[in-house]
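Just add 11 to wherever you are in the sequence shown, counting from 1, and you've got this note's numbering. Beta carbons: idealized from backbone N, C-alpha and C, even for Gly.
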Amino acid sequence: MKKISYVGFFICLFFSLLVPKANGKNKTSDKYSVSQDNIKTFIDFLNHKDFNIPDFSHRLAYFMDSVIYQQPDTIFNVSCRLIDNCSSDKAKQWTLDFLFYRAIDSQIPWMENVWVKLAERYYLKQPFGNEDPGWIERLKYTVKFKKHCLIGEKAVLFTALTPQGDTLNLKDLSGKYMIICFYDPNCTHCKEAIPSLHKLYKKYTPKELSIVAFNISDDINLWRSFIQKHKLQDWTNLWDPDRDISRYDNFYDTPLSPSFYILDSERRIISKDIEIEEVKTFLTKQLSAEN
12 MKKISYVGFF ICLFFSLLVP KANGKNKTSD KYSVSQDNIK TFIDFLNHKD
62 FNIPDFSHRL AYFMDSVIYQ QPDTIFNVSC RLIDNCSSDK AKQWTLDFLF
112 YRAIDSQIPW MENVWVKLAE RYYLKQPFGN EDPGWIERLK YTVKFKKHCL
162 IGEKAVLFTA LTPQGDTLNL KDLSGKYMII CFYDPNCTHC KEAIPSLHKL
212 YKKYTPKELS IVAFNISDDI NLWRSFIQKH KLQDWTNLWD PDRDISRYDN
262 FYDTPLSPSF YILDSERRII SKDIEIEEVK TFLTKQLSAE N
C-alpha cells in the first residue's frame, strides 16, 4: 500500500479548497471579497519548503483565474497579499515573477493595470537586488509611460492643431463616447480602417459620439489630401507634427497604426488596443442598448 506524502496530502487538500462551493457562498457582490480560506491555504503552500513543485504554477493560475473575482484591483490586491506573506525571498520573488509575467502575457487588456502596479510596488520600489539594472531602467520608463493610458484611468485631454492651423482641446468636444484614433494616412491598413470608422461615425449624433482622427505623420499635404479624398471634414481632424503642443506620445501608447482609444462620458479609457471591427461591435452594443 502506497503512503501518501505530506506534500501530496497538502496538494489534495489545497485543490479541494479551490473548488468553488455549490451553494455559492464564495460568490459575492463585493468586488474585493474572495475566499479567505483559499488565500490562507495558498500562503501556507507558498511558505512550504516544497512550494516550487512542478505543477504549482498550474494551481496558482487556477486560483487567480477561477477563484479570484476577475477585476484588476481585486487581482492586484490578492497578488500583493500572496507576495507580502511569503516567508522567504525565494518564494516572494518566484510568486512576483509568476504573477507579473502572467499579467504581461495575458490577452485581457485590463491585465496591463495589474503588471504596471506590481512593477511600481515591487520591482521599482522593493527590488530583490538580483535584477538587471538595464531591465529595471527600461521597466521604469515603460511604467511611467503606461500608467497614463490604463483602462479605467481618466484620459489626458490634450490640445493639438487642426488642418487650418488652429488649436483645439479635446475638452471642448461633446459626445457621450469619444474615440481617439491615431493613424498615418500613408498606412495601408489605415486607408481601409479610417473610411470604415467614418461610416460608423455618420450613424450617430454628436451627442452620442465624437471622434478625433489624429494624424501621426509629418506630411501635411498627404494628410489634407486624405481628408479631402475620403470626405472627412465633418469630424475632428488633428495633428501635432513636432509633438510639442499635445505631447500625446507621453500619454498614449500607439504601437500600431491605427490605434484606437474609446473614452466614456467621464473621459475614462474603457477600451483600447482593438481593431476597427471591435470598435464597431463595442459602439453598436453600447449605444443601441442605451437608445
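Own chain residues within Cβ distance below 6 Å of residue i, not counting five before or after
i, result
"residue 130", "150 and 154"
"residue 188", "220"
"residue 269", "192, 194, 201 and 204"
"residue 184", "221"
"residue 234", "196 and 226"
"residue 218", "none"
"residue 206", "241"
"residue 124", "83 and 161"
"residue 276", "187"
"residue 281", "273 and 275"
Neighbourhood of residue i by C-beta distance below 7 Å, restricted to the same chain and skipping five residues each side
i, result
"residue 128", "87"
"residue 167", "159 and 262"
"residue 39", "Model confidence at residue 39 stands at a pLDDT of 41, short of 50, so the residue's coordinates are unreliable; what they give is reported in the following sentence. Correct list: empty, nothing qualifies."
"residue 229", "252"
"residue 97", "57, 58, 103 and 106"
"residue 173", "179, 248 and 249"
"residue 285", "271"
DSSP state of residue i mapped onto helix, strand, coil
i, result
"residue 279", "strand"
"residue 271", "strand"
"residue 117", "coil"
"residue 265", "coil"
"residue 286", "coil"
"residue 79", "coil"
"residue 294", "helix"
"residue 256", "coil"
"residue 124", "helix"
"residue 131", "helix"
"residue 143", "coil"
"residue 97", "coil"
"residue 137", "coil"
Where residue i falls, given that 16 or more other Cβ within 10 Å makes a residue buried
i, result
"residue 242", "exposed"
"residue 272", "buried"
"residue 261", "exposed"
"residue 136", "exposed"
"residue 72", "exposed"
"residue 90", "buried"
"residue 139", "exposed"
"residue 103", "buried"
"residue 283", "buried"
"residue 144", "exposed"
"residue 365", "Because residue 365 is not part of the residues shown, which for the chain are 12 to 302, the question remains open."
"residue 190", "buried"
"residue 146", "exposed"
"residue 152", "exposed"
"residue 212", "buried"
Identified DSSP bridge partners for residue i
i, result
"residue 247", "223"
CB contact check: residue i to chain D, cutoff 8 Å
i, result
"residue 143", "No chain D is part of this structure, which consists of one protein chain only."
Close-in-space but distant-in-sequence residues of the same chain around residue i (CB under 8 Å, 5 per side omitted)
i, result
"residue 384", "No answer is possible for residue 384: it lies beyond the span of the chain, which begins at 12 and ends at 302."
query: Which ranges would you report for the alpha helix (DSSP H) in the region 158–243 if only whole runs of at least 4 residues count?
result: 199–212 and 231–241
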